[in-house]
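Chemist:
2 protein chains.
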Amino acid sequence: MGMNMMALEYADDIIIIDAGFMFPREEMPGIGMLIPDVDYLRQKRANVKGIVITHGHQDHIGALPYILSDFNVPVYATKFTKELITNALKRGGVKNKTNLRRVNPGTRITIGNFSIDFFRVCHSIPDAMGLIIRTPIGIIVHSGDFKMDQNPVIGKPADLGSLARLGAKGTLLLLSDSTYAELPEHTPSEQVVGDTLERIIVEAPGRIIITTFSSLVSRIQQVINIAANHNHRVFITSRSIESTVKAALKTGYLNIPDGILCHLDEFKKLPHKQIIVLTSGTQGEPTSALVRIANREHKQIKIIPDDTVVISATPIPGNERLVSSTIDRLFRQGANVIYSKLAQVHVHGHGGQEELKLLLNLVQPKFFIPVHGEYRHLKLHAKLAHSLNMPKSNIFVIEDGDILELGPEEGKVIDKIHMAEICINGSKTEKIDVSMLRERKSLSRDGIVMVTLIVDATENRLLEKPVIVNRGLISSEENRSLMEEIQNIVTAAVNSSKKTVSGDKRALQSRRRNLEGKVKDSLGRFLYKKTHRRPVIVPVIIEMKKPLSRKPLSDKSKGV
Amino acid sequence: MGMNMMALEYADDIIIIDAGFMFPREEMPGIGMLIPDVDYLRQKRANVKGIVITHGHQDHIGALPYILSDFNVPVYATKFTKELITNALKRGGVKNKTNLRRVNPGTRITIGNFSIDFFRVCHSIPDAMGLIIRTPIGIIVHSGDFKMDQNPVIGKPADLGSLARLGAKGTLLLLSDSTYAELPEHTPSEQVVGDTLERIIVEAPGRIIITTFSSLVSRIQQVINIAANHNHRVFITSRSIESTVKAALKTGYLNIPDGILCHLDEFKKLPHKQIIVLTSGTQGEPTSALVRIANREHKQIKIIPDDTVVISATPIPGNERLVSSTIDRLFRQGANVIYSKLAQVHVHGHGGQEELKLLLNLVQPKFFIPVHGEYRHLKLHAKLAHSLNMPKSNIFVIEDGDILELGPEEGKVIDKIHMAEICINGSKTEKIDVSMLRERKSLSRDGIVMVTLIVDATENRLLEKPVIVNRGLISSEENRSLMEEIQNIVTAAVNSSKKTVSGDKRALQSRRRNLEGKVKDSLGRFLYKKTHRRPVIVPVIIEMKKPLSRKPLSDKSKGV
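Structural data, given as structure tokens:
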């Protein structure tokens, strides 16, 4: 469930819940986005009856543009989520014959053997839903991503009442969000951030630049409200924020009084104390507005003394350094930077342990599957459930590819299907080739040396000086001196290699392999001695019939 | 000061304070360690009179093996630090004619115009010192790395009394540790961790595996104490921990009752409830014992049910993902993992804002320079000082290379020397070549394609089919199909390229450049269309006099 996609199957009916993408790990250089491998579902295409989306975050909808071609089935989502999916499909270049169906919390939809009610939860995006799924063997509750905010900025608190009633009736299975199962405390209300931001904005000596997640509409709403209360204007410099704002306005999830949003020309005339800039770049993304501001590369906004920058977010694991160095560069520009370590300018969108236990106690499921989050989060969530006296045998910690068979009385994992890692490259998807990644990794560590050898076809006699080309190992200065040595090493290797007189093909091939091996070994040893590195060494052997004269070459190894 | 090395200069005397190394940043593939560029000091070699070390962490002593060849001067350090330096020099293969001098807190040493007292501070390593440096123009206080622990596990609390007395007399300049200037609270005492560890160890159902920083001797002491109190045995599987333990025992900073440390054979016979394993791997280092345990690759230790793993440390920024995935893998193995997010199994070695303010108030310096930490930490520390009514003009936020001229009445940055980035490669040091790093980075992103062209010497006629070799771009399967297309593209490019009849050298060179350009352009376009990648393209052009026949080649591009 790493990528937030799962399937429920009963008889001939399969429904898919969410279809998100995932960011690649460090060991995946050159890889864009990862999406789930739907090979297994493809084989059961006829049974797939619908896709149900809990909310509009990319890790829940991001894979839709790529899997819909396989499953031309209705996609069910609430108003705002539907809007974001439409935009995602447009960006993904998907022609609009997609069957997108809007649902409302409370209204029941039926897909084959499943009938589904959406219920409100609170999360860091409007219109987030949990699911109550009625099946022939019992009721399944899926929490979606959630926290329990008793006074959310947008929408109403989670509809715990209906869950409590379900709990009383008896629920077969609960699937619940584990993302913050590590945190003992109850995640604070979004309102808390509003209070902090208001204090900061009122006390700031000059302009305010605020960055937050573009889908965090309630954060944007709070900034708008503060601006309205204190006669500030808001200037947005971020395409992603502009597009969510548009979607939120269209669907009624954002309310902006007239005259609060200002345009560039107006922005330039305003007194600094009145200016709030809303921008993207919470994760230090190199192309984001905030990073361009930090690098003094932003057209409209250059940091000036008395600017205050508020990073109203926390780094996604793995982005810590990017974010820190952005903060450092903003400080260097002379800005005062306020971020989550210094003040409560952000709260999580997921519930902590207290909220997770509350949900378990309300729903009182017979079986429990922790979902969303890394393995440790699932494990810790399972321990929480066990600490509420749920028997271990009723708790299933399962991972991508696991197939759980669940009956009214018991469940067990009956199969694990292998899931390839699929990535998005440009507009197409491709299976990730692990050996290819390893190859790239070693290229980046120690570079590559290519040795072109022109040898006599019948015996290993060099007809030309070896041509050496390197990338990422030897710089042009060291070059000249080293290259000659390398040529000598290679020449010696060639002369020491196996000869054949017989022209028989197998003999020639084994000879070539032997020659390649010799070159790689001795050159590898030599280069390690000289550079302490183990570059990729690629011999290219070209076999010729007779000797030939050749123009002197400019040093190839300087290359291009 | 990123790497914790600074120099004080008065008249003809220069002293160096600390000489550490730093871990490379993400954008430095294949780079080991970074050390300070001492070029400027090399030019003033005659004036450099001594090196003073505050404590034995690698970011304070790690560069010594590499700079001592430039400065054959006495190195002053306290007992334990001296021991660690000796080991570091041995590992660095430095012959032992180094002039290492042991100093004791309280005893004054004189180096030219400087006379220096070491004073005790608390830090995450024994024997950590601050410096009181008397100069002709006034007293300078250097905090070293410090926290204020009122009941440290090893040694005594920081010697604040002598600082207070200094403060009363009047101090010219304070240099103080900024590493945790972000944290509002007072860093808890090391004792707090002991209490947590004791609870965990007593309640654990089976074996305990604890990982911590190898130099964190007080943590190791606490584990030993708990083991002694509860009849446990401690088995160490980590060369780095073994070596600090040895150094700490030798210098009397660690006290291990007989029979507590156990050996492998004994370890295997012990009841699980009695076993504590001490291991390295706090940062998820791939070769560390903990990671080998997590990967089931450790010879002596395989995770079994009821094992508890305690990560008594926090990730160094940038290592978060490595640490998380190690935790995930340990959970998968069936261990119960306890780490800093779940319980207070670690405290920082640096003071928070309350301690920083306390030091400033005690010393009452006229001038202040925040040291150690990233730019934002220096900035925040400077703000703290200002909040204590120190005038901004007396606070200097300076960075590596800045030269500050300080008089009794005022100071200013008079110069910034360019500092190259020096890295350690094997046993030698080398300047980091930025273009080389960029080259490696692009290799790892999109791979490389090499095109070997054998052309007629007088005009651009191909005498052979182009030989295409790629790494990190096209896998062998896709290969066959694509290679032919690539050969055609390249052939077309060659044919479309500039011809020359005149054999004049310049004409030939410009022709070669033109040919290289053509090949790179059209092949680049083609490959982007096919793969959405922009690999490095390297044409190798070999010019021949006359055509020649050639044996068929096995597909070179499959390569080695």
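Chain order of the listed sequences is A and B.
Taken in order, the first sequence gives residues -14 to 545; the numbers are from the working numbering.
Taken in order, the second sequence gives residues -14 to 545; the numbers are from the working numbering.
Glycine residues also receive a C-beta, built at the ideal position from the N, C-alpha and C atoms.
Kindly say whether L327 of chain A, judged by its beta-carbon, lies nearer than 8 Å to any beta-carbon of chain B.
Modeler: L327 of chain A counts as touching chain B.
Chemist: Please check if any C-beta of chain A sits within less than 8 Å of the C-beta of G266 of chain B.
Modeler: Not an interface residue.
Chemist: Do we get a CB-CB distance below 8 Å when we pair L157 of chain B with the residues of chain A?
Modeler: No - not a single Cβ of chain A is within 8 Å of the one on L157 of chain B.
Chemist: With DSSP run on the structure shown, which of helix, strand or coil describes A4 of chain B?
Modeler: Coil at A4 of chain B, not helix or strand.
Chemist: Looking at I407 of chain B: is its Cβ nearer than 8 Å to the Cβ of I94 of chain B?
Modeler: It is not a contact, given that the beta carbons lie outside the stated cut-off.
Chemist: How many angstroms separate the CA atom of D418 of chain B from the CA atom of N89 of chain A?
Modeler: Each residue's Cα considered, the two are about 59 Å apart.
Chemist: Quick one: list the residues of chain B neighbouring I193 of chain A, beta-carbon separation under 8 Å, in chain order.
Modeler: Those do not exist, as I193 of chain A stays about 18 Å from chain B at its closest Cβ, beyond 8 Å.
Chemist: Can you pull the chain A neighbours of P302 of chain B, defined as C-beta to C-beta under 8 Å?
Modeler: E305, R306 and S309, listed in chain order.
Chemist: Can you grab the Cα-Cα spacing for the pair P537 of chain A / Q472 of chain A, in whole Å?
Modeler: Unreliable positioning characterises P537 of chain A in this predicted model, as indicated by a pLDDT of 44, which lies under 50. A coordinate reading is not provided.
Chemist: When burial is assigned at 16 or more other CB atoms within 10 Å of the CB, is E251 of chain B buried or exposed?
Modeler: Exposed, by the Cβ-count rule.
Chemist: Any Cβ of chain B within less than 8 Å of the Cβ of L428 of chain A?
Modeler: Yes, L428 of chain A counts as interfacial toward chain B.
Chemist: Does DSSP classify M114 of chain A as helix, strand or coil?
Modeler: M114 of chain A falls in the strand class under three-state DSSP.
Chemist: Which two residues bound the contiguous beta strand (DSSP E) that contains V452 of chain B?
Modeler: Run containing V452 of chain B: V452 to R456, per the beta strand (DSSP E) assignment.
Chemist: Counting only beta-carbon separations shorter than 8 Å, does D162 of chain B have a partner in chain A?
Modeler: Closer than 8 Å: no.
Chemist: Hey, out of B:E444, B:E395, B:N84 and B:V106, whose CA is closest to A492 of chain B's CA?
Modeler: Cα-wise, what sits closest to A492 of chain B is B:E444.
Chemist: In this structure, does DSSP put S161 of chain B in helix, strand or coil?
Modeler: In the structure shown, S161 of chain B sits in a strand (DSSP, three-state: E or B).
Chemist: Output yes if chain B places a C-beta closer than 8 Å to the C-beta of P441 of chain A; else output no.
Modeler: It is Asp, not Pro, that sits at residue 441 of chain A in the sequence shown. Output row for D441 of chain A: interface = no.
Chemist: Taking the C-alpha atoms as reference points, what is the distance between T196 of chain A and S297 of chain A?
Modeler: T196 of chain A and S297 of chain A: Cα-Cα distance of roughly 6 Å.
Chemist: To be precise: take each residue of the stretch 451 to 475 of chain A, compare its Cβ to all Cβ atoms of chain B, and keep it if any distance is under 7 Å. Which residues remain?
Modeler: Going along the stretch 451 to 475 of chain A in chain order, one finds V452, V454, R456, G457 and S460 with a Cβ nearer than 7 Å to chain B.
Chemist: Report yes if the C-beta distance between I205 of chain B and L275 of chain B is below 8 Å; otherwise report no.
Modeler: No, these two residues do not count as a Cβ contact at 8 Å.
Chemist: For a cutoff of 8 Å on Cβ pairs, would you count D431 of chain B as touching chain A?
Modeler: Cβ-Cβ to chain A under 8 Å: yes for D431 of chain B.
Chemist: Taking only runs of the alpha helix (DSSP H) that begin and end inside the stretch 196 to 227 of chain B, which ones reach a length of at least 4 residues, in chain order?
Modeler: Correct list: 202 to 214.
Chemist: Is there a C-beta anywhere in chain A that falls below 8 Å from the one on P14 of chain B?
Modeler: Yes, its Cβ sits closer than 8 Å to a Cβ of chain A.
Chemist: Taking any Cβ of chain A, which residues in the stretch 362 to 391 of chain B have a Cβ under 7 Å from it, in chain order?
Modeler: Against chain A - using a Cβ distance shorter than 7 Å - the residues of the stretch 362 to 391 of chain B are K364.
Chemist: Between N410 of chain A and chain B, is any beta-carbon pair separated by less than 8 Å?
Modeler: Output row for N410 of chain A: interface = yes.
Chemist: Does F316 of chain B come within less than 8 Å of chain A when only Cβ atoms are used?
Modeler: At least one chain A Cβ lies under 8 Å of F316 of chain B.
Chemist: Within the same chain, show all residues whose beta-carbon is closer than 6 Å to that of L160 of chain B, passing over the 5 residues directly before and after it, in chain order.
Modeler: Counting only Cβ-Cβ distances below 6 Å, and skipping sequence neighbours, we find H127, I354 and V356.
Chemist: According to DSSP, is D243 of chain B part of a helix, a strand, or is it coil?
Modeler: Coil, per DSSP.
Chemist: If you draw a straight line from the alpha carbon of I110 of chain B to that of N499 of chain A, how long is it in whole angstroms?
Modeler: The alpha-carbon atoms of I110 of chain B and N499 of chain A are separated by roughly 54 Å.
Chemist: G509 of chain A by DSSP, collapsed to three states: which one?
Modeler: Here G509 of chain A sits in helix by DSSP.
Chemist: May I have the straight-line CA-CA distance separating T272 of chain A from S223 of chain A, to the nearest angstrom?
Modeler: Rounded to whole angstroms, T272 of chain A to S223 of chain A spans 11 Å at the Cα level.
Chemist: Using 8 Å as the limit for Cβ to Cβ distance, is R518 of chain A near chain B?
Modeler: Chain B, which has a Cβ nearer than 8 Å to the Cβ of R518 of chain A, makes this yes.
Chemist: Against Y51 of chain A, what residues of chain B qualify as contacts under a CB-to-CB distance less than 7 Å, listed in chain order?
Modeler: By Cβ distance, chain B contributes nothing, its closest Cβ being about 14 Å from Y51 of chain A, past 7 Å.
Chemist: Please list the terminal residues of the continuous beta strand (DSSP E) segment that includes T293 of chain B.
Modeler: Unbroken beta strand (DSSP E) run through T293 of chain B: T293 to I296.
Chemist: Between the alpha carbons of L239 of chain A and C107 of chain A, how many angstroms are there, rounded?
Modeler: So the two alpha carbons sit approximately 16 Å from each other.
Chemist: Alpha carbon to alpha carbon, how far is A212 of chain B from P393 of chain B? Give it in angstroms, no decimals.
Modeler: Near 54 Å, if we compare the C-alpha coordinates of A212 of chain B and P393 of chain B.
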